[in-house]
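Single-structure report; data block below.
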Amino acid sequence: MYETFYGLTGKPFQLNPDPSFFFGSRGHKRAFAYLQYGLYQSEGFIVITGEVGAGKTTIVRSLLEQLDRTKVVAAQLVSTQLDAEDILRAVGAAFGLPIKSVDKAELLATLEAFLCSLVTEKKRALLIVDEAQNLTARAVEELRMLSNFQLGEHALLQSFLVGQPELRQLMQSPQMQQLRQRVIASYHLGPMDRQETQAYVEHRLKHVGWNGDPGFDPSAFDAIYTSSAGIPRRINTLCNRVLLAGYLAEKHAISAGDIDAVVTEIKQEFGPGAVAPVVVGSDATRIAPNVSPGSLETVIGIEDRLGRLERTMTATIDLLHQLLHKERPEKASNRVGG
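Numbering of the sequence shown is given in numbering that gives the first Met the number 0, commencing with residue 0 and proceeding in unit increments.
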């Protein structure tokens, strides 16, 4: 709809994580660099946390796209309240192993044999657990036990745990002391600031051929930041609606009033929490005492130099599309404000 009206080649604010839209804010670059650093270490755990919609999954998918598949065999699983034996079966399934109707002992033997076979092929295994805050303490302990698999001096499995702030609380609990000793580094991905929010919006628009239509008043970016709190998914939801409203009203300039009008609509439809500021803790980084910070900062420095509402809106867009076709002769400029 609005893509054609504004001369765009695609949807700039789709909600599905897409690595091609990766935006390197300060926090996102740093989180990505920590994952790269973890790959370089080839062992232990890296823990990345962040608020809902902060962009964690996009970072993970960007990393997966850059992996050398001839050297690293990666498996990703999204945990949903997995307990101890469930996590083992999920790991086996993620690596494509035959794990049906086997007991725990056989399952562990199968996993170890597979991991050893990778070493003979000069490969290593990487497990990425997304939504890791849903894991039980027993499931996390099973992952720690898997990290004990070794062949000579080589660790057979490395794990990245990615999740919401609750994962940090789990990691800080007393029963996680042994796992914390295996964590090489952890990082909390906070929200973007005002300048990064504007750059993020412009980055996504330019990725689909934006040439300044529609134009955004500086006050519009202020309103986007205030309403989204710098959370990427909230920005996407808001801006998708703003462009749709602009298209229906045949607008080529977006102001703060247009943003505020859409924010009001979203709140009326989905409640005050749909687009509103959230309280987010500041970025927090921890490097294990036995790891040299200098080598990590080198990775971060390299990354800095190199640079780099569909689901909820389908029914609404369809309805507006129908109304637009009915009223096109009279234009739809009075149908949606903002």
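Yeah, the Cβ is synthetic: ideal placement off N, Cα and C, and Gly gets one too.
For A74, which residues in the same chain have their Cβ closer than 6 Å to its Cβ, ignoring the five residues on either side in sequence?
Position 75 of the sequence shown, counted from the start, is the residue given in the question as residue 74. Excluding sequence neighbours, A74 sits near A93, F94 and L126.
DSSP state of G95 mapped onto helix, strand, coil
Taking the first residue of the sequence shown as 1, we reach residue 95 at position 96. Of the three classes helix, strand and coil, the one that applies to G95 here is coil, per DSSP.
If we ignore side chains and look at the alpha-carbon of each, how far apart do E268 and K103 end up?
Walking along the sequence shown from the start, residue 268 turns up at place 269. Walking along the sequence shown from the start, residue 103 turns up at place 104. Using only the alpha carbons, I get a separation of about 48 Å.
Nearest CA to the CA of A154: which residue from D17, Y5 and S41?
On the sequence shown, residue 154 is found 155 positions in, with the first residue counted as 1. A154 has its Cα closest to that of S41, out of D17, Y5 and S41.
Bridge partners for D129 per DSSP, in chain order?
Translated into the one-based positions of the sequence shown, residue 129 becomes position 130. BP columns for D129 point to V77.
On a CA-only basis, which of G229, E50 and L38 is nearest L156? Give me that one, please.
As a first step, residue 156 is located in the sequence shown; it is residue number 157 there, counting from the start. Nearest of G229, E50 and L38 to L156, Cα basis: L38.
Rank R123, A30 and S172 by C-alpha distance to the C-alpha of S61 and give the top, closest one.
By one-based count along the sequence shown, residue 61 stands at place 62. Residue nearest to S61 within the set R123, A30 and S172 is A30 (criterion: CA-CA distance).
Run through DSSP, which three-state label would L166 get?
Walking along the sequence shown from the start, residue 166 turns up at place 167. Looking at L166 - three-state DSSP - the assignment turns out to be helix.
Buried or exposed for H187, going by 16 or more other Cβ atoms inside 10 Å?
Indexing the sequence shown from 1 puts residue 187 at position 188. Label assigned to H187: buried.
Let me check understanding here. Comparing Cα to Cα, which of S146, N133, L204 and A89 lies closest to P11?
The count along the sequence shown starts at 1 and reaches residue 11 at position 12. It is L204.
Let me make sure I understand the geometry here. Which of S227, T236, P231 and D221 has the alpha-carbon closest to that of G256?
Here residue 256 corresponds to residue number 257 of the sequence shown, with the count starting at 1. When only C-alpha atoms are compared, the closest one is D221.
Bridge partner(s) assigned by DSSP for F215
By 1-based counting over the sequence shown, the position of residue 215 is 216. Per DSSP, I253.
Of the choices M175, S116 and E111, whose alpha-carbon is the least far from that of L134?
The residue labelled residue 134 in the question sits at position 135 within the sequence shown. The option with the nearest alpha carbon to L134 is M175.
Heavy atom of the ligand HEM within 8 Å of L38 beta-carbon:
You won't find the ligand HEM in this model; it holds no ligand whatsoever.
Return yes when the Cβ of E120 is within less than 9 Å of the Cβ of V161, no when it is not.
Position 162 of the sequence shown, counting from 1, holds the residue named residue 161. Position 121 of the sequence shown, counting from 1, holds the residue named residue 120. Contact: no.
In whole angstroms, what separates the C-alpha of P276 from that of P231?
Here residue 276 is taken as the residue at index 277 of the sequence shown, counted from 1. Here residue 231 is taken as the residue at index 232 of the sequence shown, counted from 1. Reliability fails at P276, whose pLDDT of 46 lies under 50, so the model's placement of it is uncertain and no value is given.
Using CA atoms only, rank isn't needed, just tell me which of T57, G189 and I258 is closest to P164.
Indexing the sequence shown from 1 puts residue 164 at position 165. That would be G189, whose Cα lies nearest to the Cα of P164.
Backbone CA spacing between G6 and H251 [nearest angstrom]:
In the sequence shown, counting from the first residue as 1, residue 6 sits at position 7. In the sequence shown, counting from the first residue as 1, residue 251 sits at position 252. Rounded to the nearest angstrom, the two C-alpha atoms are 11 Å apart.
Residue from A136, V261 and E111 with nearest C-alpha to Q177:
By 1-based counting over the sequence shown, the position of residue 177 is 178. Measuring from the Cα of Q177, the nearest candidate turns out to be A136.
Name, in chain order, the residues that DSSP records as bridge partners for A154.
Mapped onto the sequence shown, residue 154 falls at position 155. A154 is bridged to Q149.
Determine the direct distance from the alpha carbon of A138 to that of P16, and round the result to whole angstroms.
In the sequence shown, the residue the question calls residue 16 occupies position 17. In the sequence shown, the residue the question calls residue 138 occupies position 139. For P16 and A138, the distance between alpha carbons rounds to 26 Å.
Enclosing alpha helix (DSSP H) for K55 [first to last residue]:
In the sequence shown, counting from the first residue as 1, residue 55 sits at position 56. Taken as a continuous stretch (DSSP letters only), the alpha helix (DSSP H) holding K55 covers K55 to Q65.
What's the gap between the Cα of E2 and the Cα of L34?
Indexing the sequence shown from 1 puts residue 2 at position 3. Indexing the sequence shown from 1 puts residue 34 at position 35. Cα to Cα, the separation comes out at about 34 Å.
Compute the Euclidean distance between the alpha carbons of L66 and I253, then round it to the nearest angstrom.
Translated into the one-based positions of the sequence shown, residue 66 becomes position 67. Translated into the one-based positions of the sequence shown, residue 253 becomes position 254. C-alpha separation (whole angstroms): 40 Å.
At what residue ranges does the stretch 15-46 contain a whole run of the alpha helix (DSSP H), taking only runs of 4 or more?
25-40
Chain-order list of residues whose beta-carbon lies under 7 Å from that of H202 (same chain, five-residue window excluded):
The sequence position of residue 202 within the sequence shown is 203, counting from 1. Excluding residues within five positions, the ones whose Cβ falls inside 7 Å are F22.
Residue range of the alpha helix (DSSP H) that Q13 falls in?
Position 14 of the sequence shown, counted from the start, is the residue given in the question as residue 13. Counted as a single uninterrupted DSSP element, the stretch harbouring Q13 is not any alpha helix (DSSP H), since DSSP gives it neither H nor E.
Below 7 Å CB to CB, which residues in the same chain sit around E105 once its five sequence neighbours on both sides are set aside?
On the sequence shown, position 106 is the one that residue 105 refers to. Nothing meets the Cβ criterion.
Could you spell out the range, first to last residue, of the alpha helix (DSSP H) harbouring Y350?
It is not possible to answer for residue 350, since the shown part of the chain is limited to 0 through 337.
Indicate the three-state DSSP secondary structure (helix, strand or coil) for R88 in the structure shown.
Residue numbering aside, residue 88 sits at position 89 when the sequence shown is read from its first letter. Residue state, collapsed to three classes: helix.
Taking the beta carbon of P213 as the centre, do at least 16 other beta carbons fall within 10 Å, making it buried, or is it exposed?
One-based indexing of the sequence shown puts residue 213 at position 214. Classification of P213: buried, given that the 10 Å Cβ count is 16 or more.
Can you tell me the Cβ-Cβ gap for F148 and L96, rounded? I've got them flagged as a contact below 8 Å.
Taking the sequence shown and counting its residues from 1, one reaches residue 148 at position 149. Taking the sequence shown and counting its residues from 1, one reaches residue 96 at position 97. Wrong, their Cβ atoms sit about 14 Å apart, outside the cutoff.
Counterpart residues of R123 in DSSP-defined beta bridges:
Looking up residue 123 in the sequence shown gives position 124. According to DSSP, which records beta bridges pairwise, R123 is partnered with V71.
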